Amino acid sequence: MNNDFLKKLEPQHMREMVDCMYEKVYTEGQLVIQEGEPGNYLYVLADGLLEVFQNGKLLGEMRPGTAFGELAILYNCKRTATVKAVSQSHIWALDRQTFQTIMMQSTQARHDEYFSFLCSVSLLRGLPEEKLAKVVDCLEVDYFEKGEYIIREGEEGNTFFIIAKGEVIVTQSTEGLAEPQQIKTLGVGDYFGEKALISEDVRSANIICNENDTHCLVVDRDNFNQMVGTYEELQAYLKEYVDELSRSDERRNALPHSPHIDSAEAQELRRLREKISLLPFKDLEVIATLGMGGFGRVELVKLKDEDTTFALKCIKKKHIVDTRQQEHIYSEKNILQQTNSAFIIRLFRTYRDDKFVYMLLEVCLGGELWTVLRDMSYFEEPTARFCTGCVLEAFDYLHTLGIIYRDLKPENLLLDAEGYVKMADFGFAKKIGLGKKTWTFCGTPEYVAPEVIMNKGHDFGADCWSLGILIFELLTGNPPFAGTDPIKIYTMVLHGIEKVDFPKRIGKRPDDLIRRLCKLNPVERLGNKKNGIIDIKKHKWFQGFNWEGLRRHKLPSPLRRELKGPMDHSHFDLFPPDTEEPPDELSAWDKDF
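With our numbering applied, the sequence shown corresponds to residues 2 to 594, in that order.
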């Protein structure tokens with residue numbers, strides 16, 4: 002099949018997709034796809050002839066064996082072209098929900114199977130789920146045929162094996178006998194070589210494959226140590242973990258690496274929150290529009306008879322229902338309510354009426370980072386490093402709470418009055434917990450990680466990937482994967498960062514960091530190993546960087562912009578007044594908003 006996206010799928014997934022497809026017949030002149038209409042199906046032309054049009058212009062033909070419409074099985078989007086049957090055509094179709102179910106269930110089933118195997122390993126017993134999940138991510142499959150030696154007695158080894166399919170025999174040398182003697186047989190779920198995870202292990206027996214097509218799950222000591230820790234570290238971790246369970250949630254969330262907020266600022270925030278909690282909606286006065294889009298608008302508002310200003314995000318309820326974003330909106334609200342970081346936009350309260358739901362947010366009058374980047378074309382290294390440091394503080398805080406962000410890009414980063422970067426727009430953020438994955442396809446094409454595209458399940462590693470993309474864009478003005486056609490962008494992403502020509506203006510250190518963050522395999526990404534975000538902060542690009550000064554907002558920002566007061570919106574683009582009233586939406590999905 003001549004389709005780059007589908008070629009990246011595993012054979013098992015392809016077989017399941019084919020089994021779930023059904024045939025549709027189109028007569029001559031009948032439309033298969035209408036440009037601008039929502040899409041939900043992937044199609045494969047079995048026989049017949051199709052023509053493709055865009056804006057009424059003929060782009061080409063499609064013949065049997067062609068797959069098209071694949072973007073629709075990834076996420077809810079509008080068709081970018083019209084496809085018409087030239088002759089009677091037989092087409093196989095697969096809907097988005099079926100595709101996503103296939104990908105999620107098979108991946109989850111495999112994860113659960115591997116996890117179950119690991120739970121039986123005495124060396125790993127007692128480790129919390131998030132640590133065992135990291136081991137699962139490290140596992141690779143090796144295949145052996147009958148009679149093949151997997152381990153030889155007397156060799157040094159650094160690999161641990163679990164039998165997933167088939168059987169092996171164990172033989173060992175015995176004094177006085179010429180040939181090694183069979184000791185026992187091992188089958189599915191049994192394991193061997195576990196001592197290799199602790200230290201250099203001299204193998205004490207032979208392990209010989211006893212069935213064709215035997216599958217072993219394997220992990221070597223280096224990968225294990227990077228993802229989970231050394232044996233000594235694990236013992237220390239277990240002790241700390243037990244101690245940690247006895248502490249209150251409040252204490253555990255106040256981790257030492259959380260962004261610093263001094264007591265005076267904290268008291269002021271509490272006072273303001275108490276005041277806002279009693280504020281009627283009518284006491285907000287609109288000053289200007291800071292942004293707009295299909296969702297609605299963001300208004301700069303002030304309190305009646307005061308100069309205190311906020312950003313009011315006004316989201317059309319009908320748009321939320323039409324795009325099925327109810328869960329995302331609630332998630333954004335709930336996550337913002339539980340976060341308290343100097344590097345994340347603050348939510349003070351929410352409102353609702355028949356047309357909109359509203360979020361009253363902290364205002365950042367320095368404008369969007371994207372606007373500054375657009376005007377400057379690119380950032381010098383110190384500026385890019387400062388911005389990246391702010392994002393890392395936000396990620397460190399979120400990941401500690403088990404929250405994945407999933408929508409990093411310059412448009413979602415705002416500058417406060419001091420020129421510090423704050424993370425905004427949490428519509429795609431989700432609390433997944435530690436050691437867990439999620440399968441929802443979301444994000445911006447240029448920034449989305451390969452495992453998100455392939456629906457393999459993703460975790461904090463997806464944020465690490467997007468950080469690498471952000472650094473590249475900050476230093477060059479453009480992301481490494483770009484274009485007008487999302488499916489072509491996704492194809493480039495799946496080919497990886499190694500296929501990208503790095504401009505000369507990216508120095509050796511940021512070049513190295515970007516490549517480490519954008520590994521195709523999320524297990525190998527910097528920031529997604531045992532030390533998490535700390536590993537990124539220790540990268541040589543940040544050598545000498547004043548992290549404590551950044552956390553305390555004592556480090557001067559290279560992006561501080563002049564402001565004349567709390568109502569100065571000069572750093573935002575101009576937007577026309579809103580003249581169209583959206584229709585009412587009365588389904589009451591927002592009754593708890």
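For glycine and all other residues, C-beta sits at the position ideal for the given N, C-alpha and C.
Just so it is clear, the structure is predicted and the values come from calculations on it, not from any experiment.
Same chain only: Cβ atoms within 6 Å of residue i, ignoring 5 sequence neighbours per side
i	result
residue 413	425 and 426
residue 125	119
residue 411	370, 371 and 374
residue 27	33, 86 and 90
residue 390	551
residue 76	442
residue 576	290 and 293
residue 204	152, 154, 156 and 158
For residue i, the nearest candidate out of the options (CA to CA)
i	options	result
residue 151	385, 68, 217 and 184	217
residue 428	407, 416, 153 and 32	407
residue 202	168, 158 and 166	158
residue 586	576, 316, 454 and 16	316
residue 182	200, 206, 195 and 160	206
residue 344	312, 397 and 314	397
residue 210	180, 166, 175 and 197	166
residue 546	563, 372 and 388	388
residue 400	170, 434 and 367	434
residue 219	103, 326, 191 and 575	191
residue 496	504, 522 and 508	522
residue 564	353, 550, 366 and 6	366
residue 334	135, 430, 390 and 284	430
residue 440	422, 460, 423 and 550	460
residue 557	300, 418 and 88	418
residue 473	489, 453, 511 and 436	511
residue 139	436, 577, 493 and 554	436
residue 155	128, 144, 194 and 285	194
residue 132	142, 576, 229 and 95	229
residue 279	25, 314 and 352	352
residue 338	575, 129 and 404	404
residue 199	543, 572 and 233	233
residue 529	346, 575 and 393	393
residue 4	101, 66, 57 and 23	66
residue 457	111, 325 and 573	111
residue 143	134, 123, 164 and 153	164
residue 588	325, 301, 298 and 498	325
residue 188	560, 212 and 300	212
residue 508	322, 386 and 235	386
Residue i vs residue j beta-carbon contact at 9 Å
i	j	result
residue 364	residue 291	yes
residue 468	residue 537	yes
residue 566	residue 308	yes
residue 214	residue 146	yes
residue 569	residue 541	no
residue 85	residue 49	no
residue 171	residue 184	yes
residue 160	residue 222	yes
residue 72	residue 487	yes
residue 43	residue 94	yes
residue 329	residue 465	no
DSSP beta-bridge partners of residue i
i	result
residue 350	361
residue 316	297 and 358
residue 144	216
residue 285	304
residue 96	42
residue 398	In DSSP, residue 398 forms no bridge with anything.
residue 207	172
residue 62	52
residue 90	27
residue 14	Paired residue(s): none; residue 14 is not in a bridge.
Cβ shell of residue i (< 8 Å), same chain only, five flanking positions each side left out
i	result
residue 250	Low per-residue confidence applies at residue 250: pLDDT is 46, beneath 50, and the placement is therefore not dependable enough to give any value.
residue 103	14, 17, 18 and 21
residue 55	36, 81, 82 and 83
residue 225	136, 139, 161 and 198
Contacting residues, own chain, Cβ-Cβ under 7 Å from residue i (five flanking each side not counted)
i	result
residue 296	316, 317 and 320
residue 196	202
residue 115	137, 140 and 218
residue 99	21
residue 88	29, 49 and 50
Check whether the stretch 61–72 and the stretch 111–124 touch, using three or more Cβ-Cβ pairs below 8 Å as the test. no
Would you call the stretch 65–81 in contact with the stretch 36–44, where contact means no fewer than 3 C-beta pairs closer than 8 Å? yes
If we count Cβ pairs, one from each stretch, closer than 8 Å, do we get three or more for the stretch 97–117 versus the stretch 3–20? yes
Hey, is the stretch 366–380 in contact with the stretch 460–480, meaning 3+ C-beta pairs nearer than 8 Å? yes
Taking contact to mean at least 3 C-beta pairs separated by less than 8 Å, is the stretch 515–532 in contact with the stretch 453–471? yes
Would the stretch 436–452 count as touching the stretch 480–496 if we require 3 or more Cβ pairs under 8 Å? yes
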